[in-house]
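Asker:
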Amino acid sequence: MRIIKFCIAYFLFLGVNLSYAVDVFNLYTTSNYITDSTVRDFEAQCNCKLFLNYFSDPQEMSAKISAGATGYDVIIGTGYAVEDLYKMGKLNSLDLANIPNIKNIESGFLHQKFDPNNSFSIPYAYTPVFLAYNKTQLDKLGIIPNTWAVIFEDKYLKKMKGKITVFDSQRNVYAAALLYLGKDPNSSNLKDLDLARKLITHASQYWSRYDSTTYYRSLLSGGIWLAMSYSNDLYNTLQDSKKAKLPFEIAGVLQREGNMIELDNLVMPTSVKNKQLGYLFMNTVLKGKNATSLGLETGASIPNLLAIAQLPTSITQVDWIYPKNMQKIFGFIAYPPKIRILVNEEWTEIKMECHQACYIK
Amino acid sequence: MHVNKISKKILLSGILVYLFLYIPLLLLIVYSFNDSRINVGWVGFTFKWYSVLFNDTQLIDAALNSVFIALIASSISVVLGTLAGVALHKYKIPVLSGLVMIPVAAPELLVGVSLLLFFLLINFTLGTASIIFAHIAFCLSFVTISVKTRMHGMDDSLIDAARDLGASPTNAFFKVLIPTILPGIIAGWLMAFTLSLDDFVITFFTAGVGSTTLPLAIYSMLKMGVTPEVNAASTIIILCTLVLTSLSTKISPQLFK
Amino acid sequence: MEKTISVRKEKLVLSLPPILYLITLFLIPTLLMVLIAFRQPGDYGGVASLVTYKAGHTSINLTLDSFRYVFSNSFIWKLFVRSLFFSLLTTVLCLIIGYPLALLIAKSTKKYRDLLLLLVIIPFWSNFLIRVYAWMMILGPNSALSKLINYVLSLFGVASVNLLFSSFAVVICLVYINLPFMILPLYANLEKHDNSLIEACRDLGGTNLQSFLSVTIPLSLPGVLAGCGLVFIPCIGMFVVPELVGNNCSMMIGNLIKQQFLQTMNWPLGSVTSIVMTLAVLSISLFVGFISSKSGGLKYARK
């Protein structure tokens, strides 16, 4: 008898769980990249549930999608990653007539090299890649990290051994090295890439780890002094550090050789269930008020004219959120496939090999 | 006299090991009440992380999803695992006994990665369904072992007696065999349920859209930057474990033998 | 006659569903992976098509390149060696820490035994990520432990160290999350020991230490082996712990495999690495199993 009761209770529970599944709209993005108010705005319009799926690295996202993972309705991904996906036929072409709010976007961010007519991608937000640092410690050492040399040259590295993190992202680390070498950061020239590889291999013995997601915690705890950083992460870190009354100061600075920006785009994979909902979502996030809340709450740089007008100057005047000299700012272009495979293997080797003499450290 | 001396040494080292096991967990719980977003040093006492946690629909969805997956995966694997356990007890089936041992002996990483390849190559959408299929596969083995162990101590003559009295094979199976080995089945079910609920590696590779489970959610919180919300979530999970473990020792003491 | 048919039918009904399931979800995926190891990586991840037609010429794209790459690259071997070293160290530490506790539980009276056992199982059943996170807090640069250690180091004039993000942190976490796997089988074995053997050893004039060394330890060897296997095998393929608490110099083979499947999308290379790892684990387990069955045989022979 007890068993029967148990079974009934069990199937009731299953039933509850199944009925719980309403219409779901799946977004694939990095964490902290859409605000609650935008989610509510969209859910009110679509009468569905917006489900957020997170990835930690654009390459991880494109690995999963290109390998055949389906079910996502809209993806927010960085330029070179969505470019690859489009070439593989994993993305739908967009009918811009369904996204009237595209007029809000600053024209400088439309018509990117990888998608001149915005036929598959719409700019959503961007972030420069620059160095964040523990100002108190670096002042003591007399280092001003306004150049990429501080993460590549021995005279700086020796003073900060084990106190540096760079991104766990092949594209960003190679781009920094190429910028430091005075080369094109998107170079797929084998000689340039080899120079970059040697530079990185040498410098990596002084770096603590490859980290693109938790480095700001290390900055806050004082364990790391210098970190390759995104603007939205540093913005949030500064907000937190004000409250925490830290015994040191954290700051950010652009590098004089130039900086990359990661331009994140809205794209619609071919597996989208309902195209109209996809368009509705894109149009919703491009609304002035939603873009403004994104800029305010996450510190992401917003290419939205209405939002820029609304945001306080304490944000728009920050150089590492909205760089003034756009001449020194570069976007990523996807590598040709063969180069990508080659550089990926080099990167794996750099990452996995311990270049320090001491094994247990 | 000598006996006492040795037990004292053992007792002391035993206590030290318990401290090693529990101090980290206690710290985790204490810091869930810390009034600091970055959780560096003790700032002040607060319950706010628990209210953040209970309003975090993403995390609650993930927890419900975990329970949902664990219920289905453990139930299906109990059926298959009982069949396998009975079959292995009654007959020598080298193929089956070999297959059952794979998930126990092979590294989880291999299982996860090969399942990822498999699902992608047959164009199966990664998501809740693929996780359930993967979980059944490794839970099945543990149920089989549990059922087989139970049958080991069973009197086979019961079934023969039932058959002699005119019961059909099906009847003998459901009316005699199953009730006798029920403790083994329940123990296997519990084990499968916990394994599924707790699994990270295989889930990590087979998860896809809209199928975030609790361990995956915690992993991404650890990777993306933690707030004391993780401590609060951990505290709740530890409490649930405490209750469930105590309950299951009551329901099925043989699980721990 | 009728009986053999029904027996065969029953055997089929009972064993076919689980066999089919396990073949589909274990055997076929593993074989697929072996096949992929011989393919070429695709331009955009995945694998290149098996057959290509170029200017009327058909070629089949099977290659040993990935095997060559894995076997000729020293960094992969270093990763293997490091993974083996970390796993071995973890196993030994678990054994040293776990043995006294297992002994304590086995020797305690029935009244306390269940409680003591439960106290081992509870941390074991709370998710391992939580347990890693606990150590991330303890080892963080602002924790009491870090400050104490760095204070002591500074007394000796040694520069401060980062406890978190180090190989030290990786091994501590591995020990912490795997310890119950060692204690439980050890306990299961120690509990069965016949006290009269120890008493006999005493009566023959043996000291506590002697009886421990000559009776308890040899008798517990099967438990020790089971525990070591349960700790060692999951350790080898671990990628989460080095990722969360390690630094550049504590990556393990699991990190490489994860990287190859989820970042660089080189499936053939990832497959080869996984296969080599599995073969390494299997051969070590078989070797240990072989040794133990030999020594076990010897023991019984002496009796």
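Residue numbers (our numbering), protein chains in the order written: chain A, 234 to 594; chain B, 947 to 1203; chain C, 21 to 323. Idealized CB from N, CA, C, for every residue including glycine.
I want to verify the contact list: residues of chain A whose CB lies under 9 Å from the CB of Asn1069/B, in sequence order.
Answerer: Correct list: Gly301, Thr303.
Asker: From the DSSP output, read off the bridge partner residues of Lys282/A.
Answerer: Per DSSP, Val257/A.
Asker: Taking C-alpha atoms, which residue in Leu519/A, Tyr305/A, Leu371/A, Leu423/A lies nearest to Asn331/A?
Answerer: Cα-wise, what sits closest to Asn331/A is Leu519/A.
Asker: Against chain A, with Cβ distances strictly below 7 Å, would Lys1196/B count as a contact?
Answerer: No, Lys1196/B does not count as interfacial toward chain A.
Asker: When Cβ atoms are compared, which residues of the region 564-577 of chain A fall closer than 7 Å to chain F?
Answerer: Protein chains A, B and C are contained in the structure displayed, whereas chain F is not.
Asker: Specify the secondary structure class of His1035/B as computed by DSSP and reduced to three states.
Answerer: Note: His1035/B maps to helix in three-state DSSP.
Asker: What three-state label does DSSP hand Lys74/C in the structure shown?
Answerer: Of the three classes helix, strand and coil, the one that applies to Lys74/C here is strand, per DSSP.
Asker: List in chain order: all unbroken alpha helix (DSSP H) runs of 4+ residues lying wholly within the region 978-1023 of chain B.
Answerer: The region 978-1023 of chain B contains these whole alpha helix (DSSP H) runs: 994-1000.
Asker: Go ahead and label Ile125/C buried or exposed: buried means 16 or more other beta carbons lie within 10 angstroms of its beta carbon, across all protein chains shown.
Answerer: The residue is buried, with at least 16 neighbouring Cβ atoms inside 10 Å.
Asker: Below 7 Å between beta carbons: does that hold for Gly257/C and Pro205/C?
Answerer: Cβ distance not < 7 Å, so Gly257/C and Pro205/C don't count as in contact.
Asker: Find the nearest neighbour of Lys323/A within the set Glu339/A, Phe342/A, Gly301/A, judged by alpha-carbon distance.
Answerer: For Lys323/A, the nearest C-alpha among the options comes from Gly301/A.
Asker: Which residues mark the beginning and the end of the alpha helix (DSSP H) in which Ile116/C is found?
Answerer: Counting along the chain, the alpha helix (DSSP H) containing Ile116/C begins and ends at 94-127.
Asker: Exposed or buried, Ile117/C, counting other C-beta atoms within 10 Å across all chains shown (16 or more means buried)?
Answerer: The residue is buried, with at least 16 neighbouring Cβ atoms inside 10 Å.
Asker: Give, in chain order, every residue of the region 270-295 of chain A whose Cβ lies closer than 8 Å to some Cβ of chain B.
Answerer: Result list: Phe284, Leu285, Asn286, Tyr287, Ser289.
Asker: What residues in the region 80-101 of chain C have a beta carbon less than 9 Å from any beta carbon of chain A?
Answerer: Per Cβ criterion, the list reads Tyr89, Asn93, Ser94, Phe95, Ile96, Lys98, Leu99.
Asker: If the criterion is Cβ atoms closer than 7 Å, does the pair Ser86/C and Val292/C meet it?
Answerer: Going by C-beta atoms, Ser86/C is nearer than 7 Å to Val292/C.
Asker: Which ranges does the beta strand (DSSP E) cover as unbroken runs of at least 3 residues, wholly within the region 353-386 of chain A, from first to last along the chain?
Answerer: As far as the region 353-386 of chain A is concerned, its whole beta strand (DSSP E) runs of at least 3 residues are 355-367.
Asker: Check whether the Cβ atoms of Gly65/C and Met285/C sit closer than 7 Å, and answer yes or no.
Answerer: A contact, by the Cβ cut-off of 7 Å.
Asker: Just the Cα atoms here: how many angstroms apart are Leu426/A and Leu411/A?
Answerer: Leu426/A and Leu411/A: Cα-Cα distance of roughly 8 Å.
Asker: Using only the alpha-carbon positions, how far apart do Gly309/C and Lys29/C sit?
Answerer: One C-alpha to the other measures close to 36 Å.
Asker: With C-beta atoms as the reference, is Pro378/A less than 7 Å away from Tyr359/A?
Answerer: No, Cβ-Cβ distance for Pro378/A and Tyr359/A is not below 7 Å.
Asker: Determine whether the Cβ of Phe991/B lies closer than 7 Å to any Cβ atom of chain C.
Answerer: Closer than 7 Å: no.
Asker: Taking any Cβ of chain A, which residues in the region 1056-1084 of chain B have a Cβ under 7 Å from it, in chain order?
Answerer: Residues Leu1066, Asn1069, Thr1071, Leu1072, Gly1073.
Asker: Classify Glu316/A: buried if its beta carbon has 16 or more other beta carbons within 10 angstroms, exposed otherwise.
Answerer: It is buried - the Cβ of Glu316/A has at least 16 other Cβ atoms within 10 Å.
Asker: Spell out whether any CB of chain A is found under 7 Å from the CB atom of Arg983/B.
Answerer: So, interface residue.
Asker: Leaving out the 5 sequence neighbours to the left and right, which residues in its chain are closer than 6 Å to Gln280/C when beta-carbon positions are compared?
Answerer: The answer, listed in chain order, is Asn286, Leu289, Gly290.
Asker: Closer than 7 Å between beta carbons: that is the criterion. Which residues of the region 49-67 of chain C meet it against chain A?
Answerer: Answer set for the region 49-67 of chain C: Pro61, Asp63, Tyr64, Gly65, Gly66.
Asker: Opposite Pro1049/B in the DSSP bridges: which residues?
Answerer: In the DSSP output, where bridge partners are listed per residue, Pro1049/B has none listed.
Asker: Please classify Trp155/C: is it buried, with 16 or more other beta-carbons within 10 angstroms of its beta-carbon, or exposed?
Answerer: Buried, because 16 or more other Cβ atoms sit within 10 Å of the Cβ of Trp155/C.
Asker: If Phe252/C and Thr111/C are in contact, beta carbons under 8 Å, what's the gap, nearest whole angstrom?
Answerer: Indeed, because the Cβ distance is near 5 Å, the residues count as touching under 8 Å.
Asker: Which first and last residues belong to the alpha helix (DSSP H) in which Leu82/C is found?
Answerer: Run containing Leu82/C: none; DSSP gives neither H nor E here.
Asker: Measuring alpha carbon to alpha carbon, tell me which residue in Phe565/A, Leu538/A, Pro480/A is nearest Glu495/A.
Answerer: It is Phe565/A whose Cα lies nearest to the Cα of Glu495/A.
Asker: Distance check for Pro480/A and Phe979/B, CA to CA, integer angstroms please.
Answerer: Their backbone Cα atoms lie some 23 Å apart in a straight line.
Asker: Give me the residue from Ser352/A, Pro333/A, Gly341/A with the minimum Cα distance to Asn325/A.
Answerer: Ranking Ser352/A, Pro333/A, Gly341/A by Cα distance to Asn325/A puts Ser352/A first.
Asker: Report yes if the C-beta of Asn286/A is less than 6 Å from at least one heavy atom of the ligand ATP; otherwise report no.
Answerer: Ligands displayed in this structure: none; no statement on the ligand ATP is therefore possible.
Asker: Run through the DSSP bridge pairs and tell me what Phe563/A is partnered with.
Answerer: Answer by DSSP bridge pairing, in chain order: Met493/A.
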